[in-house]
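To convert, take the position in the sequence shown, counting from 1, and add 27; that gives my numbering.
From the three backbone atoms N, C-alpha and C, an ideal C-beta is built for every residue, glycine too.
Fair warning: this is a prediction, and the values are worked out from it, not measured in the lab.
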Amino acid sequence: MKAASVLPPTLFALLVAASPAQATAPCPPQVASQVRVATQVFRVEVAAGEAERARGLSGRKSLPAGSGMWFVFPAPGKHAFWMQDMAFAIDLVWIGPDRRVLGAQGLTPCGPRDCPVQHPPAPVAFVLEVNAGAFAGKPGDRVEWTCSP
28 MKAASVLPPT LFALLVAASP AQATAPCPPQ VASQVRVATQ VFRVEVAAGE
78 AERARGLSGR KSLPAGSGMW FVFPAPGKHA FWMQDMAFAI DLVWIGPDRR
128 VLGAQGLTPC GPRDCPVQHP PAPVAFVLEV NAGAFAGKPG DRVEWTCSP
């Protein structure tokens with residue numbers, strides 16, 4: 028058995044702070060600025076609080092190209108969505124706790140009396156909403172996010 032080398036505490040702290048793993052450590056999903064699904068990257072607005080998630084994109088006239096809304100839930104579940112008060116169609120992407128796409132569906136605005144509720148195929152931890160036709164991913168695709176300082 029080889030003895031381990033012992034570094035002085037100051038040198039150890041400097042090495043850890045400068046290590047590539049530390050530089051690329053993931054940021055919390057609640058403060059993400061971009062979401063990547065396979066090769067697609069979307070600038071996102073985060074809906075992490077209960078009020079933000081309930082409001083979503085309702086009441087907006089449009090969503091800029093290449094952007095989306097990133098829903099972050101406190102716990103995985105069969106979180107339901109609907110298109111009430113939406114003025115434009117979207118692609119809704121269901122994302123599991125393992126950070127993989129479970130499925131996606133295109134949704135169109137609905138009337139005040141006929142607005143079906145959409146449920147994920149399995150418990151989700153995240154949902155990404157983007158403009159209709161913008162999502163090109165598939166189930167199983169890996170989802171990652173980054174944060175801007």
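Residue ranges of uninterrupted beta strand (DSSP E) with 3 or more members, entirely inside the stretch 62-87 and ordered along the chain, are 67-74.
Cβ neighbours of T135 within its own chain (closer than 8 angstroms, five residues either side excluded): M110, A116, A159.
In the pairwise beta carbon analysis, the stretch 80-96 is classified as not touching the stretch 124-132: fewer than three pairs are separated by under 8 angstroms. Of the candidates V62, P55, Q57, V62 places its Cα closest to the Cα of R169. Shortest Cα-Cα distance from P91 to any of G104, Q132, E156 involves E156.
Within the DSSP bridge table, the entry for G104 names V151 as partners.
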